[in-house]
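Going line by line, the protein sequences match chains A, B and C.
This note's numbering numbers the first residue of the first sequence as 248 and each following residue consecutively.
This note's numbering numbers the first residue of the second sequence as 26 and each following residue consecutively.
This note's numbering numbers the first residue of the third sequence as 1211 and each following residue consecutively.
Think of the CB as a built atom: it goes at the ideal place given N, C-alpha and C, for glycine as much as any other residue.
Notes for the one structure printed next.
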Amino acid sequence: MRRFIVTVVIENKQGLSDPEGETILRDLVLKEGRDEASGGGAGSNGSNESGNNGCRISEIKTAKMLRMTVDSRDAESAVRDVRKVCDALHLYNPIVSMVDITAEPSP
Amino acid sequence: MRLVKVGIVVFPGSNCDRDMHHVLRDVFGFDVQYVWHTKTVPAGTDAVVLPGGFSYGDRLRAGAIAAHSPVMSDVRRLASEGTPVLGVCNGFQILTECGILPGALLVNESLGFMCQWTDLVVENASTPFTSMLYVGQRVPIPIANGEGRYYADEDTVRDLQRGGRVVFRYADGSVNGSVGGIAGICSDDGNVVGMMPHPERAAEYETNPVDCGPARMIFESLAGYAPVQRQRQRQISHAGRVGGGEGEARP
Amino acid sequence: MSLEQSELDYLTSRLGRIPRPAELHIVAAEWSEHCSYKSSKRHLRILPTDGPLVISEKGYDSGVLDVGGGYVVTAHIESHNHPSAVEPYGGAATGVGGVIRDILSAGTRPIAILDGLRFGNPRTDPKALWLFKNAVSGIADYGNCIGIPTVGGELEFDDSYAGYAMVDVAAIGFGKRDRLVRNHAEPGDVVVLLGGPTGRDGIGGSQFASDSLETEDRSAVQIPDPFIEKLLIEAVLEARSAGAIHAMKDLGGGGLSCAVSETADALGVGITINADAVHAREGGMSVEEIMTSESQERMLVITDGVRGLQTIREICSKFGVSHSVIGVVKRDGMMRVTSGGRRAGGGEEEEEEDVAAEMPAEVVANARLLDLPRQRPAYLDGIEGVSCAPHAQGGGGAADYTDILRRLMTSPNIASRSWVYSQYDHEVGIRTVVRPGADASVLRLDNGRYLAVSMDGNPKHCYVNPRQGAIGCFEEACRNVVCTGAAPIGMLDHLQFGDPTDPGVFWTFVESVRGISDFAREMGIPCVGGKVSLYNETPSGPIKPTPVIAVLGLVSDGGSRDGGGRADDSAMQRMLARPADGDHIIVVGSTKDEMGGSEYYEYIRGVVGGRCPAVSAAESRRNSGAILDITRRAGLSHMVHDCSKGGLAAAVSEMCLGAGLGCDVDVARVPRAHDAGAAADGTAGAPAREMPDDVTLFSESHSRYVVLVPDESLQEVEDLLARSGAVHARIGRVTRGGPGGRIILRSGGDRTVADLSVDKTRGEWSGVLGGMVHGA
């Protein structure tokens, strides 16, 4: 048995909207980047090229992350076991969400 | 109509702005104006109120996006000039997010939204919003928030307490897990007050099932304070003009 | 997503040609049960919709009532059962969003939400608590964010909802009469789509709602965005005030297909839509997808193409609401959908502007109505004859109901709902004068009047007797409103049943509608809105018949000083009064042996069946009239509460637990009658010995109220009741609370039948729901 850090990321499935991520992108990241670049916002054209230090962000997705410490034979079975738990306990709703599960040996 | 001008800042998602407008204008007779978040606060405004709500849907963190609104640079300047500023609920969250007040509001210990009546205890009765209350007075008032748990590190809390900057505490200190049961604080100069409970919901006979008397004093305090403050401001700006003049460059 | 063969034949004959693929999708969405009411409409026509306060206008999605002083109240009810059963958080939240937009579409500001929630029995249904907890979170997160108070509702658990969820949402709006949107359109007006982008989420939702859960279509899940809804509300109201809205319609079930065809049909115009102009969340959507997407938070607005459009653009830009001009109004009565050649399945090169659909709007908007067969279901045979022996007598002769009463008060269907409503902001808007937890919630209006609202259902009664059960729900909602001193002015009905093609299910539907209609006429209360939700099926069969009735009442102006119809101080004083130690407890109305569908039979004794409580209109009118007389005068009563679930024993206990006070009541003094007929005549009740104590304590007979009266007004109240002819009796006193405070029920002098500690029971009663969810 070895100890693993299993990371479970729960996010909306593809094609479903993510209002929180969209708001952070539209009303903060794009707007602020633009405002900084144009010095006030009014009349700017929405280009993001010079704002945010040139970092061109086009999409933001929010997710919920669970980090679990799991004792298991290997990383593969740690992921498999955690997936079973996620499914059995409805840790995410498969109708709307998907999970990405990864395991790394505990340091 | 009292000749006290109050600006209510409205952000996308503010939802207690109309309630605050009703209480300030219809109940207490202030001269009230809405200030949309992309506009500037009109000249001659005696006090600014940041109302409750869910600015930007509380996304990222409550108040985090509104803290970047253009109007906030005006609010910051007015706050530093001594203009009374009141942040209620989401307004308090915005004031902490943009650093005008210290600390942060975290998700309640119950992890859920809480809408219930509680009692506040007044600790500082010398701010523009509490001068007609007395220290130790109880104020029946509702809370309605999901992220209302006041948090600051030990040093900050100690400074707040030493400086008399804790304005209100919950009589039931454990209501939402706020550090020290803190419900409202003020700035160093006392002119900026942030509080999680909703005084505008507690200031009328019809809407307050307990006793609306104490919460009314929050607004009566402002009504009594603002004209004095305006007089003081006028003297300062007058003195400034005599002493310096517009073009003077400061070192 | 398809049409029945007979519907396809009908469509083909109406069009005079083979329908195109996109047309089939549009018509299938609009002719779904959810949008077209094709099974139910024929029977809904009997509901009375006219009244002195009702304002009718073509194309309104909500009922409009004139409440005086130039103001109107709007009301509507919807459900989101199928989506909530699959994804309770999003389903319940988008249910709130949908009904809010119905209120908005009349041009009124939404001021309150009520929600009725029903789930399986948490003891046997492993999904019930998960559905319950997440549906409550969904409603809280949505309603709180948009700043509309959730002021009331109901919660019930029943075996017949196993694995399923019933989420009903009613919304109330308020506005100036002269600002109502007067739906009209001129040829040349433009059609603007406001709000969130159209995506693939929610495609086929109305079809989904019209099938049972087994054919679960996962694309029908919608992600709620209350922030966009809030911006949409403010933008639309600003555009309304600027006079920029000619006509408006919410996009709900059936998406654009439904909104466009119904608007064109209602206004008697044609509308041509360019599907490519619709602002979409993702590229490459087909015309069919765009026309049937049920993406949330969207409104369709018709305005003139010059000034109105300019105003709307400016307002949308201010609030950051995305919008697109998607069509134009024509004179020809046709619903036309064009696209630039992205038609799904289009093989050959398309023309510049391809017509994907071109049908008379009147054809699309009016499905051929069905006349489904119905037959009294066999399960009803003998069900009202069921009875169970009185609770076993104790050794000394007096049966002890202490434990039974404690179990009833802490049952999930009766225990305090504070765990639910403390998560809802029920005060934003500062109109809430009487808060959730009371019989009805009361909102103050800008004209100085008060509006009371209540929502009630009772599937246990409705299962035993669909007609009397439905009338009972209606009367209960009226009673709750009357308790606050308000007279009913309008009602909303929400009729929820299983698969209507089952003749037994459909029979129960028709019985319910007839009952509601008869009682509405009898009481002169117009039906101002309603909704039908069918195909509510669980793996173990149809749900119990679940009509839910919401009643609106206006606090009357009796004895007011200014004579202008404003509610005077006495109304306020009454609403703010609290029970006090020493108050007399008076019960109004007679108790009958009507145990069918009672919480006592089902929850405590495990028996389904028995005689369903029946309403006598005469008794109902007399008793409610007497209560309104009492509540009109300041200081006469400290509290009025109705008797419903758990009967008289629960009603008295609830008053005590809510106030933290005790009581001492003699149930032998409770007026009793053999049946509703005897009570209607005002004839004397049966002798006490003929009715077992458990019937007196727990029967759920209608038209009963418990009134708490202070010493000084006892004489006046009793005189008033005597004059009214309402059967009534003084049954005991309120006693002190605190340590040592007890709820004591006796049966004749010294025989104690129940004795509970106030503090201990209050703690349990208020902690049940939270404890269930948190596993305590």
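Taking the CB atoms as reference points, tell me whether Y25 of chain B and S98 of chain B lie closer together than 7 Å.
Residue 25 of chain B falls outside the range modelled here, since chain B spans only 26 to 276, and no answer is possible.
Residues bridged to I1382 of chain C (per DSSP):
Taking the first residue of the third sequence as position 1, residue 1382 of chain C is located at position 172. Bridge partners of I1382 of chain C: C:A1285, C:A1322.
Residue burial classification, S1245 of chain C (beta-carbon count within 10 angstroms, cutoff 16)
By 1-based counting over the third sequence, the position of residue 1245 of chain C is 35. The identity of residue 1245 of chain C in the sequence shown is Cys, whereas the question assumes Ser. By the neighbour-count rule (16 or more Cβ atoms within 10 Å), C1245 of chain C is buried.
Contact defined as beta carbons within less than 8 Å: I believe A177 of chain B pairs with V48 of chain B. What is the distance between those atoms, to the nearest angstrom?
As a working mapping, residue 177 of chain B is identified with position 152 in the second sequence. As a working mapping, residue 48 of chain B is identified with position 23 in the second sequence. No, A177 of chain B and V48 of chain B are not in contact; Cβ-Cβ is about 29 Å, not under 8 Å.
From C:D1613, C:V1565, C:P1755, pick the residue whose C-alpha is nearest to that of K1670 of chain C; which is it?
Residue 1670 of chain C sits at position 460 when you count from the first residue of the third sequence. That would be C:P1755, whose Cα lies nearest to the Cα of K1670 of chain C.
CA-to-CA distance, A1345 of chain C to S1923 of chain C, given in whole angstroms:
Within the third sequence, numbered from 1, the residue matching residue 1923 of chain C stands at position 713. Within the third sequence, numbered from 1, the residue matching residue 1345 of chain C stands at position 135. Taken atom to atom, the span from the alpha-carbon of S1923 of chain C to that of A1345 of chain C is near 45 Å.
Supposed close pair L263 of chain A, V346 of chain A - CB separation, criterion 8 Å:
Within the first sequence, the letter at position 16 stands for residue 263 of chain A. Within the first sequence, the letter at position 99 stands for residue 346 of chain A. Not confirmed; about 14 Å, so no contact.
Anything in chain B within Cβ reach of L275 of chain A, meaning under 9 Å, just list it in chain order.
In the first sequence, counting from the first residue as 1, residue 275 of chain A sits at position 28. Chain B residues near L275 of chain A: Y81, R84, L85, A89, I90, H93.
Per DSSP, which residues does S1664 of chain C bridge with? Please list them.
Walking along the third sequence from the start, residue 1664 of chain C turns up at place 454. C:V1761.
Might you give, ordered along the chain, the residues of its own chain that have their beta carbon closer than 6 Å to the beta carbon of Y1589 of chain C, omitting 5 neighbours on each side?
As a position in the third sequence, residue 1589 of chain C is number 379, starting the count at 1. None.
Beta-carbon gap between C1683 of chain C and G1708 of chain C smaller than 7 Å
Mapped onto the third sequence, residue 1683 of chain C falls at position 473. Mapped onto the third sequence, residue 1708 of chain C falls at position 498. Taking 7 Å as the Cβ cut-off, C1683 of chain C and G1708 of chain C do not qualify as a contacting pair.
Tell me where the beta strand (DSSP E) around H1533 of chain C begins and ends.
By 1-based counting over the third sequence, the position of residue 1533 of chain C is 323. H1533 of chain C -> beta strand (DSSP E) spans 1533 to 1540.
Does the distance from the C-beta atom of P1359 of chain C to that of G1639 of chain C stay below 7 Å?
The residue given as residue 1359 of chain C occupies position 149 in the third sequence. The residue given as residue 1639 of chain C occupies position 429 in the third sequence. Contact flag set, yes.
Would you say D44 of chain B faces chain C, with C-beta separation under 7 Å as the test?
One-based indexing of the second sequence puts residue 44 of chain B at position 19. Chain C contact via Cβ: present.
Is there at least one Cβ from chain C nearer than 7 Å to A240 of chain B's Cβ?
The count along the second sequence starts at 1 and reaches residue 240 of chain B at position 215. So, not an interface residue.
For chain B, check one thing: does any of its Cβ atoms lie closer than 7 Å to the Cβ of I307 of chain A?
Position 60 of the first sequence, counting from 1, holds the residue named residue 307 of chain A. Output row for I307 of chain A: interface = no.
Give the list of continuous alpha helix (DSSP H) stretches no shorter than 4 residues that lie fully inside the stretch 150 to 218 of chain B.
For the stretch 150 to 218 of chain B, whole alpha helix (DSSP H) runs of length 4 or above, ordered along the chain, are 179 to 187.
Which one or two residues does DSSP pair with F53 of chain B in a beta bridge?
Sequence index remark: in the second sequence, residue 53 of chain B carries index 28 (1-based). Note: F53 of chain B sits in no beta bridge, so no partner.
By a C-beta neighbour count over all protein chains shown, 10 Å radius and 16 as the cutoff for buried, is T1502 of chain C buried or exposed?
Here residue 1502 of chain C corresponds to residue number 292 of the third sequence, with the count starting at 1. Answer is buried; the Cβ neighbour count reaches 16.
May I ask you to report which of helix, strand or coil DSSP gives P352 of chain A?
Along the first sequence, one-based indexing puts residue 352 of chain A at 105. Here P352 of chain A sits in strand by DSSP.
Could you pull out every residue in the same chain whose Cβ sits closer than 7 Å to the Cβ of M1982 of chain C, ignoring the five residues on either side in sequence?
Here residue 1982 of chain C corresponds to residue number 772 of the third sequence, with the count starting at 1. For M1982 of chain C, same chain residues with a beta-carbon under 7 Å away, outside a window of 5 residues either side, are P1332, L1339, P1622 in chain order.
Rounded C-beta distance between S1505 of chain C and P1407 of chain C? I'm assuming under 8 Å.
Numbered from its first residue, the third sequence carries residue 1505 of chain C at position 295. Numbered from its first residue, the third sequence carries residue 1407 of chain C at position 197. Confirmed, about 7 Å.
Against chain B, does E351 of chain A count as a neighbour if the rule is that its beta carbon must be under 7 Å from one of theirs?
For the purposes of this step, residue 351 of chain A is taken as the residue at position 104 of the first sequence. Taking Cβ atoms only, chain B never reaches closer than 7 Å to E351 of chain A, which makes this a no.
Classify S1525 of chain C: buried if its beta carbon has 16 or more other beta carbons within 10 angstroms, exposed otherwise.
Position 315 of the third sequence holds residue 1525 of chain C. Per the sequence shown, the amino acid found at residue 1525 of chain C is Ile instead of Ser. I1525 of chain C comes out buried.
With a floor of 3 residues, list each beta strand (DSSP E) that falls wholly inside the stretch 65 to 146 of chain B, ordered by position along the chain.
72 to 75, 110 to 113, 129 to 131
Check whether the Cβ atoms of S1727 of chain C and I1256 of chain C lie closer than 7 Å to each other.
By 1-based counting over the third sequence, the position of residue 1727 of chain C is 517. By 1-based counting over the third sequence, the position of residue 1256 of chain C is 46. Yes, these two residues count as a Cβ contact at 7 Å.
Find the nearest neighbour of G128 of chain B within the set B:L120, B:E134, B:V200, judged by alpha-carbon distance.
Position 103 of the second sequence holds residue 128 of chain B. Checked all of B:L120, B:E134, B:V200; the closest Cα to G128 of chain B is B:L120.
Can you list the residues of chain B that H1636 of chain C reaches, using a CB-CB cut of under 8 Å?
Within the third sequence, numbered from 1, the residue matching residue 1636 of chain C stands at position 426. Those within 8 Å of H1636 of chain C in chain B are C140.
Check the DSSP bridge columns for G1751 of chain C and list the partner residues they point to.
Here the question's residue 1751 of chain C lines up with position 541 in the third sequence. According to DSSP, which records beta bridges pairwise, G1751 of chain C is partnered with C:T1748.
By the 7 Å beta-carbon criterion, what residues does the stretch 1331 to 1346 of chain C contribute toward chain B?
none
Look up P1713 of chain C in the DSSP assignment and say whether it is helix, strand or coil.
For the purposes of this step, residue 1713 of chain C is taken as the residue at position 503 of the third sequence. Here P1713 of chain C sits in helix by DSSP.
Looking only at its own chain, which residues have a Cβ that is under 7 Å from the Cβ of V1720 of chain C, when we skip the five neighbours before and after it?
Stepping through the third sequence from its first residue, residue 1720 of chain C is reached at position 510. Same-chain partners within the cutoff: H1253, R1584.
Sort C:D1514, C:H1851, C:D1965, C:L1846 by Cα distance to C1688 of chain C and report the nearest one.
To locate residue 1688 of chain C, count along the third sequence from 1; it is residue 478. Answer by Cα proximity: C:H1851.
C-alpha distance - A335 of chain A paired with D328 of chain A, whole-angstrom precision
Locating residue 335 of chain A in the first sequence gives position 88, where the first residue counts as 1. Locating residue 328 of chain A in the first sequence gives position 81, where the first residue counts as 1. Approximately 11 Å, taken between the alpha carbons.
If you drop the 5 nearest sequence neighbours on each side, which residues of the same chain put their C-beta closer than 6 Å to that of D1369 of chain C?
On the third sequence, residue 1369 of chain C is found 159 positions in, with the first residue counted as 1. The answer, listed in chain order, is N1331.
Determine, using beta carbons only, whether E1288 of chain C and V1377 of chain C come nearer to each other than 7 Å.
As a first step, residue 1288 of chain C must be located in the third sequence, where it is residue number 78. As a first step, residue 1377 of chain C must be located in the third sequence, where it is residue number 167. Cβ atoms of E1288 of chain C and V1377 of chain C: not closer than 7 Å.
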